[in-house]
Amino acid sequence: MGDQGKFVVIDGPCKQTNELGALVAIKNEGQLPENMHKAQNTVESHNLAEDNTGLTPTVGAFTVQCAKCMKWRFIPTKEYYEEIRQTILEKPFFCSSASEWRPDASCSDPLEISPDMHDLWAFDKPGIPLPPKGWERLLVIRPAGSSKFADIYYVTPSGKKLRSAPEVDRFLSEHPEYVKAGVNLSQFSFIIPRPLDGSTCKKRGESLFSAENPSNSQRKTLAKSKPHESHHRTLRLVRPSFKGGGSRKKLEKFKFHKKAITEPKSFGDVQSKHSH
DNA sequence: TATCTCGGCTA
DNA sequence: TAGCCGAGATA
11 MGDQGKFVVI DGPCKQTNEL GALVAIKNEG QLPENMHKAQ NTVESHNLAE
61 DNTGLTPTVG AFTVQCAKCM KWRFIPTKEY YEEIRQTILE KPFFCSSASE
111 WRPDASCSDP LEISPDMHDL WAFDKPGIPL PPKGWERLLV IRPAGSSKFA
161 DIYYVTPSGK KLRSAPEVDR FLSEHPEYVK AGVNLSQFSF IIPRPLDGST
211 CKKRGESLFS AENPSNSQRK TLAKSKPHES HHRTLRLVRP SFKGGGSRKK
261 LEKFKFHKKA ITEPKSFGDV QSKHSH
């Protein structure tokens, strides 16, 4: 388990927003409830795989809220989850629906998880179509502080990752065999889950330091943050994941942040170099 | 060289 | 704000 923690995707009506969808929760190290650890052990999915680096947040588990008792239930596989998500609007989820993987499942079972146990949840849209057979829909959560919360990729049966609808369209026109097999654009959705608390996503144009008083701004941000938020920001600053991607600018930013952390007095000096 | 990741641009 | 994709770093 890495420093960044895991995410939980939950599907069902959200108490806070009264919407139907899926949620993603950030968890801090050691906070995952015991029953959730158990549930995770049963989950088979790329998205639920432990991230070796511990730097890239991942989806921790899939959960659905029962439309009757409103308790959250773990979904053991992404396949089940995707099926439920696709049809949850027309076919609400009930505890009894879990009998497919837990024969004795019922509303009288104790609560498995509550969104309140976690600091952050992200809402997935209901009605997202099941990926075509042999294709996989990947949700890749971005690190805290990124301009976007996550990315969606579709992995083709040949292993190619497609990151937008136009790319899928292009791929299908280059590979008509998939079209012949019934694959079409309507089976793809690149809608990412929306965090209920936008704190993990940097606002557009927002920098980590204000122009007026960089060091104070930074301290304020960290001081105002909930423990998990400062945790995430600190993680990103101290040891960002430059596994592929990233730019020289980012690398310099990292060097800068690292320096800023070890040498707080140098905030102003370095910031002037990076204010643009 | 392919892949991964981040972030900027645009609607 | 979401979708798209360019570009740099890494494997």
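Those letters in the first sequence? Residues 11 to 286, by the working numbering. From the three backbone atoms N, C-alpha and C, an ideal C-beta is built for every residue, glycine too. Quick caveat: nothing in here was measured; it's all calculated off a predicted structure.
Taking the beta carbon of residue i as the centre, do at least 16 other beta carbons fall within 10 Å, making it buried, or is it exposed?
i, result
"Pro141", "buried"
"His47", "The predicted position of His47 is uncertain, since its pLDDT is 43 and thus under 50; no value can be drawn from it."
"Glu187", "exposed"
"Lys81", "buried"
"Lys143", "exposed"
"Lys101", "exposed"
"Cys76", "buried"
"Pro86", "buried"
"Ile108", "Sequence inspection shows Ala at residue 108; the Ile mentioned does not correspond to that position. Looking at its Cβ environment, which holds 16 or more other Cβ atoms inside 10 Å, Ala108 is buried."
"Pro136", "buried"
"Lys78", "exposed"
"Pro205", "buried"
"Ala154", "buried"
"Lys170", "exposed"
"Pro203", "buried"
Give the range of the beta strand (DSSP E) segment to which residue i is assigned.
i, result
"Ile151", "Glu146 to Ile151"
Can you tell me which of the three DSSP states residue i falls into?
i, result
"Ile202", "coil"
"Thr97", "helix"
"Ala191", "coil"
"His242", "Any reading at His242 needs caution, since the residue's pLDDT is 26, under 50, leaving its predicted position unreliable; the model's value is listed next. Helix at His242."
"Ala160", "strand"
"Lys88", "helix"
"Phe104", "coil"
Residue j and residue i - do their beta-carbons sit closer together than 9 Å?
i, j, result
"Gln162", "Phe200", "Inspection of the sequence shows that residue 162 is occupied by Ile rather than by Gln. Their beta carbons are under 9 Å apart, which means Ile162 touches Phe200 by this criterion."
"Val189", "Trp145", "no"
"Leu172", "Phe181", "yes"
"Lys149", "Ala175", "Here residue 149 is Leu; the residue named in the question, Lys, does not match the sequence. Cβ atoms of Leu149 and Ala175: not closer than 9 Å."
"Glu110", "Tyr90", "yes"
"Arg147", "Ile138", "yes"
Which stretch, first to last residue, makes up the alpha helix (DSSP H) that contains residue i?
i, result
"Phe181", "Ala175 to Glu184"
If residue i sits next to residue j, beta carbons under 8 Å apart, how far is it from one beta carbon to the other, in whole angstroms?
i, j, result
"Asp134", "Arg95", "6 Å"
"Ser106", "Ser118", "With 8 Å as the limit, Ser106 and Ser118 do not qualify as a contact, their Cβ atoms being about 11 Å apart."
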